[in-house]
Amino acid sequence: SQQGEEDPQALSIQEGENATMNCSYKTSINNLQWYRQNSGRGLVHLILIRSNEREKHSGRLRVTLDTSKKSSSLLITASRAADTASYFCATDANDYKLSFGAGTTVTVRA
Amino acid sequence: NAGVTQTPKFQVLKTGQSMTLQCAQDMNHNSMYWYRQDPGMGLRLIYYSASEGTTDKGEVPNGYNVSRLNKREFSLRLESAAPSQTSVYFCASSEAGTSGIETQYFGPGTRLLVL
């Protein structure tokens, strides 16, 4: 079964707006990662946050992790058309593999 | 530096046929993975190899076999293809750090249609 679940399933925003998506998971983790997938392509790693970290930034991306609530959020600021993609969270639960959620599909309207 | 490569890109099989999906990485990673992606399901792990010489079942291993040929190559075999195996297959590789799995690097995928 999938460890992580993203919310919402789909998100449509105007260019320049911020996009926020959430991920909830069930068991304790070593780290949590976010990936992006453009239509018809493989996944690309965006950011990794470790269990002892609470917030991390990378360019226009901001990720938070709340291990007490077993949840994470990904914020994309000042969105662009190129941010149109599916976004997946993946958790490492200390068993040598990642578990992926079903993803959030983000559409950025020009 | 090609990263993770997969062959073939597309394949159409008839029910009962067999085929092998090939994957190779040039990043000297210890761990390699095979996933399948179906619409609305995200990625599900089929098999993984934590290091050369070891393989383990993931979430959906039935109907598949794998071979970790060497550190670079990890192949996935369908012995008798079924329509339920129609999917997009992704190979990935990563290092396993001291505090968990590091970034996974994905190949471009193989689109498989079983008729």
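Protein chains in written order, with the working numbering: chain A, 1 to 110; chain B, 111 to 225. Glycine is no exception: its CB is placed at the ideal position from the N, C-alpha and C atoms.
Length of the line joining the Cα atoms of residue i and residue j
i: residue 138 of chain B; j: residue 111 of chain B; result: 11 Å
i: residue 84 of chain A; j: residue 105 of chain A; result: 8 Å
i: residue 1 of chain A; j: residue 8 of chain A; result: With a pLDDT of 47 at residue 1 of chain A, under the threshold of 50, the modelled position of that residue is not reliable, and the figure given next carries that caveat. Approximately 19 Å between the Cα atoms of the pair.
i: residue 50 of chain A; j: residue 32 of chain A; result: 6 Å
i: residue 87 of chain A; j: residue 164 of chain B; result: 30 Å
i: residue 21 of chain A; j: residue 110 of chain A; result: 20 Å
i: residue 145 of chain B; j: residue 176 of chain B; result: 12 Å
i: residue 178 of chain B; j: residue 186 of chain B; result: 9 Å
i: residue 154 of chain B; j: residue 169 of chain B; result: 6 Å
Neighbourhood of residue i by C-beta, 7 Å cutoff - its chain only, sequence neighbours within 5 removed
i: residue 54 of chain A; result: 64, 65
i: residue 101 of chain A; result: 2, 4, 5, 6, 23, 88, 89
Residue i - containing beta strand (DSSP E), residue span
i: residue 129 of chain B; result: 129 to 135
i: residue 42 of chain A; result: That residue, residue 42 of chain A, is in no beta strand (DSSP E); it is neither H nor E in DSSP.
i: residue 142 of chain B; result: 141 to 148
Contact set between residue i and chain A, taken where Cβ atoms lie within less than 7 Å
i: residue 214 of chain B; result: 45, 98
i: residue 218 of chain B; result: 41, 42
Cβ-based neighbour list, residue i, same chain, cut-off 6 Å, excluding 5 preceding and 5 following
i: residue 211 of chain B; result: 204
i: residue 160 of chain B; result: 141
i: residue 91 of chain A; result: 3, 4, 25, 29, 32, 99
i: residue 58 of chain A; result: 47
Interface partners of residue i on chain B, CB under 8 Å
i: residue 102 of chain A; result: 150, 151, 152
Chain-ordered neighbours of residue i on chain A, where CB pairs are closer than 9 Å
i: residue 155 of chain B; result: 97, 98, 99, 100
Selection of the segment 38 to 50 of chain A by Cβ proximity to chain B, strictly under 9 Å:
40, 41, 42, 43, 44, 45, 48, 50
Contact residues within the segment 79 to 93 of chain A, judged by C-beta distance below 7 Å to chain B:
88, 92
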